[in-house]
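Here is the structure we will look at, set down as structure tokens.
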Amino acid sequence: MILNEETIENVSSPYTVENLTPNTTYTAKVVNEDGESNTVTFKTKEITYKEVTITCDYVNKVAGSVVENANIAKMQGSQTLLNPDSSSFYELTQSRYDGIKELSDGKRYTVTNATINNRLQVALYYDVFSAFESYDSNYFSDRQATTNEEKAAVVNQEVIKAVSNVHGFGSSLDSTSFRTAVFVNAAWSNETVTTGTEIKQNTIMLDSVQTVSDGLLCVLVYADASGGTAETASALNIDYTNLELTILVEED
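Sequential numbering from 1 applies to the sequence shown in my numbering.
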């Protein structure tokens with residue numbers, strides 16, 4: 001970094017000065033390698049940023065594959081909320097994936113669990129690393145992030161806002177609660193509830209993200225407990241889900 005009226009010696013061509021303040025005028029005395037001097041005045045470029053949203057969803061998802069779409073969804077019925085790493089979860093079939101790919105396309109994920117006290121749960125595993133690399137294949141390499149830990153640090157620092165959207169509704173014994181939560185600090189948090197028997201948008205807004213070293217951010221969708229009959233089963237109807245990650249990008 002240089003200060004105004006500073007002398008810069010042994011300057012070769014080209015010469016780079018780092019850590020300058022944007023939109024600022026500098027004057028410096030430049031002395032080249034032959035001892036010749038000259039006073040130069042220059043102004044740094046004003047840097048402006050725009051918001052860019054990177055979206056994770058299940059468009060083009062093929063069950064059992066992470067090639068076409070790296071995001072995964074799993075389900076299970078349990079009396080307690082399961083953590084993302086639970087071996088009890090099993091992946092959605094293709095027809096169930098097809099139900100959550102697009103909004104209002106005539107297809108839905110519709111499942112019930114009538115086992116008494118069970119809560120039907122769907123875990124959405126969004127592969128944030130893959131989403132960033134799809135947006136810009138050099139995103140991490142440009143920031144010298146090669147390990148998963150370094151990539152997670154970049155994501156956690158540069159995402160200024162994260163929004164989870166799940167369109168659907170739920171039902172159970174004496175309840176139409178449709179609940180979502182995000183896995184943060186080893187626990188489900190930020191629970192959001194919508195009610196009713198029609199598709200509604202359930203949204204969780206986060207000021208930041210805490211992506212773990214595997215690059216996954218997990219959202220849980222769940223209904224209240226089953227009453228033990230088909231009529232009072234724990235049920236979920238899901239039409240579309242996504243995760244929107246907002247970053248700041250320098251404008252040209």
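Heads up, the beta-carbon is just placed ideally off N, CA and C, and yes, glycines get one too. Since the model is a prediction, treat every value here as computed from it, not as a measurement.
Residue from the options with nearest C-alpha to residue i
{"i": "residue 236", "options": "229, 91 and 179", "result": "179"}
{"i": "residue 143", "options": "45, 192 and 158", "result": "158"}
{"i": "residue 241", "options": "173, 73, 252 and 31", "result": "73"}
{"i": "residue 88", "options": "120, 111 and 38", "result": "120"}
{"i": "residue 27", "options": "43, 128 and 85", "result": "43"}
{"i": "residue 252", "options": "45, 36, 145 and 152", "result": "45"}
{"i": "residue 154", "options": "247, 39 and 22", "result": "247"}
{"i": "residue 200", "options": "111, 166 and 91", "result": "166"}
{"i": "residue 95", "options": "84, 107 and 86", "result": "107"}
{"i": "residue 113", "options": "232, 238, 244 and 245", "result": "232"}
{"i": "residue 173", "options": "118, 65 and 33", "result": "118"}
{"i": "residue 71", "options": "245, 129, 20 and 38", "result": "129"}
{"i": "residue 222", "options": "138, 184, 177 and 34", "result": "177"}
{"i": "residue 244", "options": "140, 135 and 150", "result": "135"}
{"i": "residue 69", "options": "97, 83 and 84", "result": "97"}
Integer-rounded CB distance, given that residue j should sit under 8 angstroms from residue i
{"i": "residue 226", "j": "residue 213", "result": "That belief does not hold up - the Cβ atoms of residue 226 and residue 213 are roughly 36 angstroms apart, past 8 angstroms."}
{"i": "residue 192", "j": "residue 202", "result": "6 angstroms"}
{"i": "residue 116", "j": "residue 250", "result": "Rounded, the Cβ-Cβ distance is 56 angstroms, inconsistent with contact."}
{"i": "residue 25", "j": "residue 41", "result": "7 angstroms"}
{"i": "residue 93", "j": "residue 63", "result": "6 angstroms"}
{"i": "residue 169", "j": "residue 133", "result": "Actually they are not in contact, since the Cβ atoms of residue 169 and residue 133 sit about 34 angstroms apart, beyond 8 angstroms."}
{"i": "residue 164", "j": "residue 224", "result": "No, residue 164 and residue 224 are not in contact; Cβ-Cβ is about 20 angstroms, not under 8 angstroms."}
{"i": "residue 152", "j": "residue 229", "result": "So it is not a contact: roughly 45 angstroms between Cβ atoms."}
{"i": "residue 22", "j": "residue 183", "result": "So it is not a contact: roughly 38 angstroms between Cβ atoms."}
Residue i in three-state terms, based on DSSP
{"i": "residue 108", "result": "coil"}
{"i": "residue 94", "result": "helix"}
{"i": "residue 77", "result": "strand"}
{"i": "residue 129", "result": "helix"}
{"i": "residue 177", "result": "coil"}
{"i": "residue 246", "result": "strand"}
{"i": "residue 116", "result": "coil"}
Neighbour flag for residue i against chain D, beta carbons, 8 angstroms
{"i": "residue 247", "result": "The structure shown contains no chain D; it is built from a single protein chain."}
Tell me whether the segment 73 to 84 and the segment 46 to 53 touch, counting them as touching only if at least three CB pairs, one residue from each stretch, are closer than 8 angstroms.
no
Give the list of continuous beta strand (DSSP E) stretches no shorter than 3 residues that lie fully inside the segment 132 to 169.
none
Could you tell me whether the segment 122 to 131 touches the segment 189 to 207, where touching means 3 or more Cβ pairs closer than 8 angstroms?
no
For the segment 203 to 228, list the alpha helix (DSSP H) runs that are entirely contained and at least 4 residues long, ordered along the chain.
none
Are three or more beta carbon pairs between the segment 179 to 192 and the segment 211 to 228 nearer than 8 angstroms?
yes
Three or more C-beta pairs under 8 angstroms: does that hold for the segment 97 to 106 against the segment 58 to 70?
yes
Segments assigned beta strand (DSSP E), at least 3 residues, entirely inside the segment 37 to 72:
37 to 43 and 49 to 56
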